[in-house]
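**Student:** Let me begin by handing over the structure; questions about it come next.
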Amino acid sequence: MKHLPKHLRPRWRYLGVGIESWPDADVDRAAFQRDLWYAAGNLLGDPGSADVDLTVYGFRFEDGRGDAVVRVRRREVERGRAALACLSEVGGAPVRVTVRGTAGTVRACEERYIRRPPEPTDERTVAFEDADRDAVVRGSRADVRVDGGFAGATDYDFE
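Quick note: the sequence shown uses the numbering used here, first residue 192, plus one each step.
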């Protein structure tokens, strides 16, 4: 079977995506892809979701944060970003998804938006709600362990 000529092949763009969740969240590539398809289907419908054709190419997630490279058709970048914005949980774990940027190749996307030095993470005890509690601190944000889970806090919320 012959390949299509270059002018008839589909054109793609690649979105560099940042993912953040609670420190104990277990998010994998398959769950991220499945929930991304569901979000796109709910927002755009089946025909619109097929036009956007969101596919996860690269994925890494550990200790509550990660990155992904998501492929989208060239003329559908805005609708792809909208579908990513609708993603609020993956595999039952709440997530925060941010699109860091768009590139024309996977390599350029990884070099510009994915291969950043990781934000340092520190575990320490903080005073929160009149008690000493364990927390995972990232910059000025902290995930404080409370009864049955975590609570998000900033420098102003704890001492």
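Where a beta carbon is used, it is the ideal one built from N, C-alpha and C, also for glycine.
Whose C-beta lies closer than 7 angstroms to the C-beta of R256 among residues of the same chain, with five residues either side of it excluded?
**Tutor:** The residue labelled residue 256 in the question sits at position 65 within the sequence shown. Once the five neighbours on either side are set aside, the close Cβ partners of R256 are I210, E211.
**Student:** Following the continuous alpha helix (DSSP H) through G207, name the residue where it begins and the one where it ends.
**Tutor:** Residue numbering aside, residue 207 sits at position 16 when the sequence shown is read from its first letter. Not the alpha helix (DSSP H): G207 falls in the beta strand (DSSP E), residues 203 to 212.
**Student:** Taking 8 angstroms as the cut-off, decide whether the C-beta atoms of R306 and G292 are in contact.
**Tutor:** For the purposes of this step, residue 306 is identified with residue 115 of the sequence shown, where counting begins at 1. For the purposes of this step, residue 292 is identified with residue 101 of the sequence shown, where counting begins at 1. Not closer than 8 angstroms, so no.
**Student:** Grab the span of the alpha helix (DSSP H) containing D215 for me, first residue to last.
**Tutor:** Here residue 215 corresponds to residue number 24 of the sequence shown, with the count starting at 1. Segment: none, D215 is in no alpha helix (DSSP H) and carries neither H nor E.
**Student:** Could you give the residue range of the beta strand (DSSP E) that holds G292?
**Tutor:** Mapped onto the sequence shown, residue 292 falls at position 101. It spans 284 to 294 - the beta strand (DSSP E) in which G292 sits, taken as one unbroken run.
**Student:** Which residues does DSSP list as the beta-bridge partners of V327?
**Tutor:** The residue given as residue 327 occupies position 136 in the sequence shown. DSSP lists E314, D334 as partners of V327.
**Student:** Using the beta-carbon count (16 or more within 10 Å), is A221 buried or exposed?
**Tutor:** Here residue 221 refers to the residue found at position 30 of the sequence shown. Flag for A221 reads exposed.
**Student:** List the whole-angstrom C-beta distance separating R264 from V243, where the pair is believed to meet the contact cut-off of C-beta under 8 angstroms.
**Tutor:** Position 73 of the sequence shown, counted from the start, is the residue given in the question as residue 264. Position 52 of the sequence shown, counted from the start, is the residue given in the question as residue 243. R264 to V243, Cβ: 6 angstroms. Contact.
**Student:** Helix, strand or coil for E301? Go by DSSP, reduced to three states.
**Tutor:** In the sequence shown, residue 301 corresponds to position 110, counting from 1. The answer is helix: DSSP assigns E301 an H, G or I state.
**Student:** Identify whether G271 lies in helix, strand or coil by the three-state DSSP scheme.
**Tutor:** Taking the sequence shown and counting its residues from 1, the one referred to as residue 271 is at position 80. Correct three-state label for G271: helix.
**Student:** Please determine if the region 197 to 216 and the region 264 to 283 are in contact, where contact requires at least 3 C-beta pairs separated by less than 8 angstroms.
**Tutor:** Segments in contact, yes.
**Student:** Any idea which residues DSSP pairs V261 with across the strands?
**Tutor:** On the sequence shown, residue 261 is found 70 positions in, with the first residue counted as 1. Paired residue(s): L206, V247.
**Student:** For E269 and A294, I'd like the C-alpha separation in whole angstroms.
**Tutor:** As a working mapping, residue 269 is identified with position 78 in the sequence shown. As a working mapping, residue 294 is identified with position 103 in the sequence shown. Distance between the alpha carbons of E269 and A294: 13 angstroms.
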